[in-house]
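>
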Amino acid sequence: MKLLIIRFSSIGDIVLTTPVVRGLKQQLGAEVHYLTKQGFRGIVDANPHVDKVYAIEKKVSEAMGELKRERYDYVIDLHHNLRSARV
Numbered sequence: 084m085k086l087l088i089i090r091f092s093s094i095g096d097i098v099l100t101t102p103v104v105r106g107l108k109q110q111l112g113a114e115v116h117y118l119t120k121q122g123f124r125g126i127v128d129a130n131p132h133v134d135k136v137y138a139i140e141k142k143v144s145e146a147m148g149e150l151k152r153e154r155y156d157y158v159i160d161l162h163h164n165l166r167s168a169r170v
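In structure tokens:
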């Protein structure tokens, strides 16, 4: 199973996604990918439960081609705004 987690910003909010990511990885054995803003990539890169990180500068369209090729089983939108809904 391949999952994409979306959380673009705020250090604290990204850190608070750690239990979600860990649970999905451990309980489901999922391959976990994460979409965030470039400025927060280091936080996500430090999470050992994330297999791949996509980082955008400004627009989601920067990564859309790559994300579509991944063919995710599930996309979990933890940002829940218009920009993340485009994915």
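Following our numbering, the numbering of the sequence shown begins with 84 at its first residue and continues without gaps. Note that CB positions come from ideal geometry on N, CA and C, so glycine has one too. These figures come from a predicted structure and were not determined experimentally.
Please report how far the alpha carbon of Tyr-137 lies from the alpha carbon of Gln-110, in whole angstroms.
Here residue 137 corresponds to residue number 54 of the sequence shown, with the count starting at 1. Here residue 110 corresponds to residue number 27 of the sequence shown, with the count starting at 1. Their Cα atoms are separated by approximately 23 Å.
> Just the Cα atoms here: how many angstroms apart are Tyr-155 and His-163?
In the sequence shown, residue 155 corresponds to position 72, counting from 1. In the sequence shown, residue 163 corresponds to position 80, counting from 1. Between Tyr-155 and His-163, the C-alpha separation is close to 18 Å.
> Which whole-angstrom value is the C-beta distance of Glu-153 and Lys-108, which I expect to be below 8 Å?
Reading the sequence shown from its first residue, position 70 is the one you call residue 153. Reading the sequence shown from its first residue, position 25 is the one you call residue 108. That belief does not hold up - the Cβ atoms of Glu-153 and Lys-108 are roughly 16 Å apart, past 8 Å.
> Would you mind sorting Tyr-157 into buried or exposed? The rule is 16 or more other CB atoms within 10 Å of its CB.
The sequence position of residue 157 within the sequence shown is 74, counting from 1. Within 10 angstroms of the beta-carbon of Tyr-157 lie fewer than 16 other beta-carbons, which makes it exposed.
> Going by DSSP, name the residue or residues bridged to Ala-114.
If you number the sequence shown from 1, residue 114 lands on position 31. Correcting the residue identity first, residue 114 is Glu in this sequence and not Ala. When DSSP reads this structure, Glu-114 sits in a beta bridge with Lys-85.
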